[in-house]
Amino acid sequence: MNANESLNYSLIVPIYNEEKTIPELYRRLSAVMDSLDGTVELILINDGSSDRSLEMMRELHQQDARVCYLSFARNFGHQTAVTAGLNYSRGTAIIVLDADLQDPPELIPQLLEQWRQGYYVVYARRTKRRKEGWFKRFTAYTFYRLLRYLADVDIPADTGDFCLMDRKVVELLNRMPERDRYIRGLRAWVGFPQTAIQYEREPRFAGEVKYTFRKSFALAINSLVSFSKVPLRLATYLGLFSAFLALIMAFLVLYWRFYQPNSPLTGMAAIIVSIFFLGSVQLICIGILGEYIGRIYEEVKGRPLYTLAEVVGFER
Ligand code: UDP
Ligand code: MG
Numbered sequence: 014m015n016a017n018e019s020l021n022y023s024l025i026v027p028i029y030n031e032e033k034t035i036p037e038l039y040r041r042l043s044a045v046m047d048s049l050d051g052t053v054e055l056i057l058i059n060d061g062s063s064d065r066s067l068e069m070m071r072e073l074h075q076q077d078a079r080v081c082y083l084s085f086a087r088n089f090g091h092q093t094a095v096t097a098g099l100n101y102s103r104g105t106a107i108i109v110l111d112a113d114l115q116d117p118p119e120l121i122p123q124l125l126e127q128w129r130q131g132y133y134v135v136y137a138r139r140t141k142r143r144k145e146g147w148f149k150r151f152t153a154y155t156f157y158r159l160l161r162y163l164a165d166v167d168i169p170a171d172t173g174d175f176c177l178m179d180r181k182v183v184e185l186l187n188r189m190p191e192r193d194r195y196i197r198g199l200r201a202w203v204g205f206p207q208t209a210i211q212y213e214r215e216p217r218f219a220g221e222v223k224y225t226f227r228k229s230f231a232l233a234i235n236s237l238v239s240f241s242k243v244p245l246r247l248a249t250y251l252g253l254f255s256a257f258l259a260l261i262m263a264f265l266v267l268y269w270r271f272y273q274p275n276s277p278l279t280g281m282a283a284i285i286v287s288i289f290f291l292g293s294v295q296l297i298c299i300g301i302l303g304e305y306i307g308r309i310y311e312e313v314k315g316r317p318l319y320t321l322a323e324v325v326g327f328e329r
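Per the numbering used here, numbering through the sequence shown is continuous, rising by one, with the last residue being 329.
Written as structure tokens, this is what we have:
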């Protein structure tokens with residue numbers, strides 16, 4: 014981590030149908046890259062785009078030798094795209110940012126500044142999300158707090174994937190075999206001195222949001238299940254709780270049977286309610302188990318995380 018040693022930076026940008034933002038992204042990134050005091054590589058990862066993104070990446074590589082790119086054989090998702098970028102990166106400091114300019118490239122010198130102070134991970138914390146709907150803000154806010162409460166590691170709230178990581182951290186991430194790559198979580202898990210810088214999250218520069226509600230929800234469940242065993246314990250607690258209720262019910266029913274034989278609560282209604290109650294408790298618990306078992310299944314299959322159609326510009 015000596016600033017004078019090899020000043021080699023990697024910028025990693027996952028790209029999924031971003032033809033509208035790429036020119037502006039490159040313009041702003043190259044200005045920042047020019048201002049840096051060392052060699053830089055810009056790694057673009059095409060996550061199975063169906064628009065002109067890949068062609069534009071090829072053109073950029075022709076124009077500028079600092080640009081290299083990976084192209085997936087299909088869409089594998091944002092976290093996987095970042096993972097591939099990390100796998101191929103060679104810099105001493107590695108910076109991950111989104112293509113849509115929600116993570117302003119102009120913050121990179123600030124991230125580097127903290128890194129030179131001795132921090133291994135410098136993540137950017139959003140103080141404000143401009144022009145994002147109340148629903149997104151509300152769900153994000155609640156989710157980050159819930160995750161913090163449940164997770165085994167301290168995953169800082171309101172931070173995205175926009176961050177700088179030291180080579181050492183990236184090597185560790187690259188050695189993690191797991192398929193569920195919630196990078197924010199893994200990044201916190203490795204430890205080492207970490208710090209945050211604050212920024213206001215800009216609205217997307219152009220194009221559609223690629224993280225649909227479904228994808229965000231899947232990411233949320235993934236992160237909870239990958240970083241917490243509390244839901245499993247919850248199943249046990251739910252079971253204990255319903256057993257306790259059942260015991261009380263049993264006493265009540267016996268009492269009514271002998272002392273108030275005309276009470277309606279000894280009849281069908283009570284039976285139907287308890288069947289539904291127990292049925293749903295059981296289904297919830299099976300669902301929770303299923304989430305974990307599904308992940309074991311995925312891990313055991315041991316398929317590669319992604320398939321690459323093109324790897325260009327890494328010869329150097
Ligand atoms: N992205 C990707 N694969 C996907 C979805 C998104 O590589 O399947 C990229 C996208 O091009 C962008 C970044 O991930 O660079 C974040 O996506 P987006 O801005 O749509 O999400 P949000 O800002 O809502 O997190
Ligand atoms: Mg975005």
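Backbone N, C-alpha and C define an ideal beta-carbon position, used for all residues, glycine too.
Cβ of Gly-173 within 8 Å of any heavy atom in the ligand UDP? Remark: the C-beta of Gly-173 is in contact range of the ligand UDP, defined as less than 8 Å to any heavy atom.
According to DSSP, residues forming a beta bridge with Ile-56: Its beta-bridge partners are Ile-25 and Cys-81.
Rounding to the nearest angstrom, what Cα-Cα distance links Pro-190 and Ala-259 in this structure? Rounded to whole angstroms, Pro-190 to Ala-259 spans 44 Å at the Cα level.
Find the nearest neighbour of Tyr-224 within the set Ala-112, Leu-73, Leu-42 and Asp-47, judged by alpha-carbon distance. When each option's Cα is compared against that of Tyr-224, the closest is Ala-112.
Could you tell me whether any non-hydrogen atom of the ligand MG is closer than 8 Å to the CB of Arg-217? Flag set: Cβ of Arg-217 near the ligand MG.
Where do the N-terminal and C-terminal ends of the beta strand (DSSP E) with Gln-211 fall, by residue? If you look at Gln-211, you'll find it in the beta strand (DSSP E) that goes 207-214.
If you measure from each residue's Cβ to the nearest non-hydrogen atom of the ligand UDP, which ones come out under 6 Å, in chain order? Answer in sequence order: Pro-27, Ile-28, Tyr-29, Glu-31, Asp-60, Asn-88, Gly-90, His-91, Ala-94, Asp-111, Ala-112, Asp-113, Gln-115, Arg-217, Val-222, Lys-223 and Tyr-224.
Nearest CA to the CA of Arg-65: which residue from Ala-219, Glu-32 and Glu-323? Here the closest residue by C-alpha is Glu-32.
Ranges of the beta strand (DSSP E) found wholly within the segment 122-151, counting only runs of at least 3: Within the segment 122-151, the complete beta strand (DSSP E) runs of at least 3 residues are 134-142.
Looking at C-alpha atoms only, which residue of Pro-27, Val-26 and Ser-239 is the closest neighbour of Ile-301? When each option's Cα is compared against that of Ile-301, the closest is Ser-239.
Quick one: what's Ala-153 bridged to in DSSP? Paired residue(s): none; Ala-153 is not in a bridge.
Assign Leu-177 to one of three DSSP states: helix, strand, or coil. Residue state, collapsed to three classes: strand.
For Ser-241, which residues of its own chain have a beta-carbon under 7 Å away from its beta-carbon, when the five flanking residues on both sides are left out? Excluding positions up to five away in sequence, the list reads Leu-163, Ala-164 and Asp-165.
Starting from the C-beta of Gln-127, find all residues in its chain whose C-beta is less than 8 Å away, skip the five residues before and the five after it, and write them out in chain order. Taken in chain order, the residues that qualify are Val-135, Leu-177, Thr-208 and Ile-210.
Using beta-carbon positions only, say whether Phe-175 and Ala-233 come within less than 9 Å of one another. Not closer than 9 Å, so no.
Bounding residues of the beta strand (DSSP E) (the contiguous stretch that carries Val-166): Judged by DSSP secondary structure, Val-166 falls outside any beta strand (DSSP E); it is assigned neither H nor E.
Taking its Cβ as the centre, do 16 or more other Cβ atoms sit within 10 Å of Gln-92, making it buried, or is it exposed? Buried, by the Cβ-count rule.
Using CA atoms only, rank isn't needed, just tell me which of Trp-202, Ser-236 and Ala-170 is closest to Leu-185. Considering only alpha carbons, the answer is Trp-202.
Does Pro-219 come out as helix, strand or coil in the three-state DSSP assignment? In the sequence as displayed, the identity of residue 219 is Ala instead of Pro. It is coil, neither helix nor strand.
Validate contact between the segment 286-301 and the segment 34-42 using beta carbons, cut 8 Å, 3 pairs: Pairwise C-beta distances place the segment 286-301 out of contact with the segment 34-42, as fewer than three of them are shorter than 8 Å.
Can you list the alpha helix (DSSP H) stretches of 4 or more residues lying completely in the segment 217-266, in chain order? Within the segment 217-266, the runs of alpha helix (DSSP H) that reach at least 4 residues and sit entirely inside it are, in chain order, 226-240.
Cβ pair Ile-25, Val-95 closer than 9 Å: Result yes, Cβ atoms of Ile-25 and Val-95 sit closer than 9 Å.
Neighbourhood of Ala-170 by C-beta, 7 Å cutoff - its chain only, sequence neighbours within 5 removed: Cβ within range, chain order: Tyr-157, Arg-158 and Arg-161.
Roughly how far, in whole angstroms, is the beta-carbon of Met-70 from the beta-carbon of Asn-88, given that I think they are within contact range, below 8 Å? 15 Å between Cβ atoms; not a contact.
Note down, in chain order, each residue of its chain lying with its Cβ closer than 6 Å to the Cβ of Thr-320, except the 5 sequence neighbours on either side. These residues qualify, in order along the chain: Ala-86.
Using DSSP's beta-bridge definition, name the partner residues of Leu-291. Looking at the DSSP assignment, Leu-291 forms no beta bridge with any residue, so it has no partner.
Provide the residue(s) that pair with Ile-35 in DSSP beta bridges, ordered along the chain. Per DSSP, none; premise fails for Ile-35.
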